[in-house]
Amino acid sequence: MKYEEIDEKDKIPQSDFLKLTFQLEKEGWFEANMKIEFLQLLFVFLCMLICTLTCNTYPFISAMALAAGTLFGGWIGHACDHQRNNILRDINLWFSTILLGLSPQWWSFKHNLHHISTNEIDYDGDIQLF
10 MKYEEIDEKD
20 KIPQSDFLKL
30 TFQLEKEGWF
40 EANMKIEFLQ
50 LLFVFLCMLI
60 CTLTCNTYPF
70 ISAMALAAGT
80 LFGGWIGHAC
90 DHQRNNILRD
100 INLWFSTILL
110 GLSPQWWSFK
120 HNLHHISTNE
130 IDYDGDIQLF
């Protein structure tokens, strides 16, 4: 249910941030641009291809391509996991598992726990050291 569809008496007072967020949402700023999404995925695939082709002859280039591919791939997976649309969510199920070797379900669960207990030492796995 969208905020505009909620009865006025049940609405939580809006902060300036929420008002701006709703305005940007109406203007389409949070909609996925599939051309850009495709180009980002292509970049990660190219990084992984370069990594594979150069691993025996140019290990430094291979390591840099692997680093760039996994870094950008992780952020693409992060964005897809926020489920801006169903196509990106479905792509992420395959992309994260096959190309990056991690389970999107595991990451989503871990990420949601982090947001529930952000920076609480006993509960936030992202900041636990031991």
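For the sequence shown, the residue numbers in the working numbering are 10 to 139. Every residue, glycine too, gets a C-beta built ideally from N, C-alpha and C.
Check: Chain-order list of residues whose beta-carbon lies under 8 Å from that of Leu50 (same chain, five-residue window excluded); Outcome: Ile85, Ile100, Phe104
Check: Proximity of Leu97 and Ala41 at Cβ, strictly below 8 Å; Outcome: yes
Check: Secondary structure of Ala74, DSSP reduced to three states; Outcome: helix
Check: Span separating the alpha-carbon of Thr66 from that of Cys89; Outcome: 34 Å
Check: Span of the alpha helix (DSSP H) around Glu40; Outcome: Run containing Glu40: none; DSSP gives neither H nor E here.
Check: Distance between Gly134 and Asp25 (C-alpha atoms, nearest Å); Outcome: 32 Å
Check: Nonlocal neighbours in the same chain, by C-beta distance under 6 Å from Gln32, ignoring five residues either side; Outcome: none
Check: Helix, strand or coil at Leu102 [DSSP, three-state]; Outcome: helix
Check: Other residues of its chain near Cys56: CB distance less than 6 Å, five sequence neighbours each side excluded; Outcome: Ala74, Ala77, Gly78
Check: Other residues of its chain near Thr127: CB distance less than 7 Å, five sequence neighbours each side excluded; Outcome: Asp133
Check: Glu36 to Leu62 span [Cα, whole Å]; Outcome: 43 Å
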